[in-house]
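First up is the structure itself, then whatever we jot down about it.
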Amino acid sequence: MGRKLKGGFKTRQQKERLKKVSAGLLERRNNVDLDPSVLQLHDHCYSSLDSEQNVPSNVKSWNSGRRIVELGVLAEGLSGSMVHTGIGGRQVNSFLTALNIPPVSNTLLSARQKESGSAIETVAETTIAECLSQEIDITKQKFDSNELTVSVDGAWQKRGSGRSYDSLSGHCSMIGTETGKVLGFSVRSKYCKMCDEATRKGVQAKTHDCRMNWDGSAKAMEQDMVVEMVQSIKSKGSNVGTIIADDDTTTIARLRKSVDPNIKKMSDKNHVKKNIANALYQLKAKHKKLTPKVIKYLINCLNYMLCQNQDNPKGVENGLEATDLTDLMKVYKKQSQKLSKLGSTQGNESFNKSVASKAPKSHFYSGTSSLNVRVAASVAQKNDGQCYLIKVCLILNSKLIFVKEKRSTTTSAYLQVFIQKRLAILRDLQARKRRAISITRKEKIRRIQLRNRRVKRNAVKEMCEGTSYSCQIDLQDHQDIVEIPSAPVPPEVHCNIPNTAKVICFDLETTSLARDSHITQIAAVNGESHWTSYVIPKLPISSQASEVTGLTMRNGRMFHQGKVVESSTISTALDGFLEFLKAAGHNIYLTGHNIKTFDCHILINTLKSVGKTEELKKCVEGFVDTRLLFKINNPDLKSFSQVNLIKTLMNCSYDAHDALEDVIYLQKLLDFTNIRIADPKFSTATFTVQTAYFFS
């Protein structure tokens, strides 16, 4: 705290400097009013200059004794940049201070923002008129109707907690379904800074641009704004026949009462799925088997059913009846007519995100016209892209005018406009490219995979870490902070097969397709020699497996196609299999069809159960999956089953699902195609013994 001087805390030099600055500002204003050669719009406008040398005397020394940033030349562009980038005066001055540039006064920024804000709102209204005309024309061409279909959605500038919604302002947008552009917008504000200040002081408010236009609750804002926008469309000579909205408000009831009793409503499909998902998660507390994975599967099934039955209410009813969650679906079954015709408010959600970037919820802009300007900027950007900034500059008639006709202009002004327009076009091209990529099937699948991977990884980490964050967890007497150790690192996956490798084909038949099923037949072939054995399983053979393999058990005896076959125990059969492998010598690679996902798991689990795991490691170097092999060698084939490969490539058929026949014809297929398994390009079709044991 400095020493208080006579007359206040300012020194004599400071007071004299302030007087000079005030006098200079007054002189500049007077010169603008008196000099006809200077444009009357702003004293800092250079658009009328013919050359850099023809500069009025009062402007030529504009940087003499002045702080450069406080000049209107920069302040006007700075105010428009604030709106476009979504920052306020505090953030601007913090940025300038960090660059060692003197800050800009809030009064100057506020005055310039009013000027640029008026231009932004004009551009927004112009784009709305153009887009509305396009929407009407497209609707007439496609449907021969004047009734538009629009999506509406609103948002508040303050987050609602689920129990309390008390935002002082909100905005709403109306987007055409054919053009995807904004056809109308509205803002509601319950607060005006100047009016509130005048009321607090007990005086009459000065004349100002007051934007306070709402005295109801925050929850009722959206309905009122939608009614206003629909009435505005009607006053322009067109009608809104259908609106797409969520089911969280009474908008349609108020529209039918105030505007048109015949107006139709379509529900937003994303909100419908979200509401059903929330209801399923509430049932999770009662039904433990209703896991998040099951809920996600049910939501996917519901989504497929709704997509397949658009414009088919009866199909929606039948689809909902087909689920076991009858009580939950009763409510939605009554709304089958609505569910059979769903729309989307995704464009409105995207617009709300744009508004949130220009008017962040962490800052308060509702007290002045700043919020309306920022919403208008979002509308202009939604309709015209980043190039709306050029139109704003044209309206302001500033030195950043883009001169289409060839006439002289300042080099700096042309250069700045060129850079600004080039960047705007680049940003619009990037946005269109991202949008085109995002709607492709490949990109949608990638997003689903990334989300699933993230959810799975997070669930695993939370399970390993235990409960680390929960409501009032620190008040508990005992806190479990013991972590589950990380999973062991898997061994090297693929093999480097030498040219001298011996390939032995093998195959298994089992009691079922489950990984815990038992072996019923083993077969292997090595050149001219082959070996097979039927095995008596300890589990019953499923009817599906018997139908495919022809193997059955009756009174402890095994039958193949109704004939008794010689069979042995699993231990004896594995001994014979291992002896066959040892007789082949060293450097052996077991080869089979689809063994990576099935046969290897069954074989290794069976070896573990009889204690013969080490014996396999001694005589086998690795595995080769021929299904993966032919996917690499013949990628154009539609099916990679062994039966189809032999039929397509060798033009013959055989008795499939007999282990011995399978391995014999698999070896013939490899010989016929003359595939070199040692080729490095087939390495992804191989895997080591350690890998097989690790994942079994």
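Numbering follows the UniProt record's numbering, in which position 26 of the sequence shown is assigned residue number 26; successive positions increment by one, without gaps.
Glycine included, each C-beta is placed from N, C-alpha and C at the ideal position.
- T510 has I519 as its beta-bridge partners, per DSSP.
- Closest option to V643, judged by alpha-carbon separation, among D658, K608, K617 and W531: D658.
- Between G592 and C505 a beta carbon distance of about 6 Å is seen, short of the 8 Å cut, so the two are scored as contacting.
- Taking a C-beta distance under 9 Å as the contact criterion, P491 and T673 do not qualify as a contact pair.
- Three or more beta-carbon pairs drawn from the stretch 176 to 190 and the stretch 121 to 138 are found closer than 8 Å, and the two stretches are therefore classed as touching.
- Following the DSSP letters along the chain, one finds F694 inside the alpha helix (DSSP H) bounded by residues V689 to F694.
- Here V689 is not near F640, since their CB atoms are 9 Å or more apart.
- For I243, the enclosing beta strand (DSSP E) begins and ends at N239 to A245.
- T149 is positioned such that its CB atom lies no closer than 9 Å to that of V227.
- With a cutoff of 9 Å on beta-carbon distance, L423 and Q381 are scored as not near each other.
- Per DSSP, the unbroken beta strand (DSSP E) holding H171 starts and ends at S169 to G176.
- Apart from sequence neighbours up to five positions away, the residues of its chain that approach I675 with a beta-carbon distance below 7 Å are L629 and N633, ordered along the chain.
- DSSP, reduced to helix, strand and coil, places N526 within a strand of the structure shown.
- Beta-bridge partners of G184 (DSSP): M174.
- Pairing M225 with V187 gives a Cβ-Cβ distance under 9 Å.
- Per DSSP, reduced to three states, the secondary structure at K20 is helical.
- DSSP places H271 in the uninterrupted alpha helix (DSSP H) bounded by K269 to K284.
- With distances taken between CA atoms, S696 lies nearest to H601 out of L429, N300 and H601.
- Rounded to whole angstroms, the gap between the alpha carbons of T345 and T251 is 14 Å.
- Contact between Q157 and S173 is ruled out by a C-beta separation of about 14 Å, above the 8 Å threshold.
- Taking the Cα of A356 as reference, the smallest distance to any Cα among P680, L666 and G86 is reached at G86.
- Around the beta carbon of P537, 16 or more other beta carbons sit within 10 angstroms, so the residue counts as buried.
- Around the beta-carbon of E197, fewer than 16 other beta-carbon atoms lie within 10 Å, marking it exposed.
- Exclusion of the five residues before and after T549 leaves E509 and H657 as the residues of its chain whose Cβ lies within less than 6 Å of its Cβ.
- For R374, the CB contacts under 8 Å within the same chain, skipping 5 residues up- and downstream, are V83, G86, V355, K358, A359 and Y365 in chain order.
- Residue burial annotation: Y281 is exposed, with fewer than 16 other C-beta atoms found within 10 angstroms of its C-beta.
- Contact check for G154 against S267 fails: the beta carbons are separated by 9 Å or more.
- Beta bridge pairing from DSSP links R12 with no other residue.
- The criterion of a C-beta distance shorter than 9 Å is satisfied by H494 and S683.
- In the structure shown, the three-state DSSP call for H84 is helix.
- DSSP places E349 inside the alpha helix (DSSP H), whose first and last residues are Q346 to K358.
- Scanning S517, S340 and A205 for the CA closest to the CA of M305 turns up S340.
- When DSSP states are grouped into helix, strand and coil, M305 belongs to the helix group.
- Taken through DSSP and simplified to helix, strand or coil, F95 comes out as helix.
- L581 places its beta carbon 9 Å or farther from that of Q544.
- CA-to-CA, the gap between I677 and I497 works out to about 7 Å.
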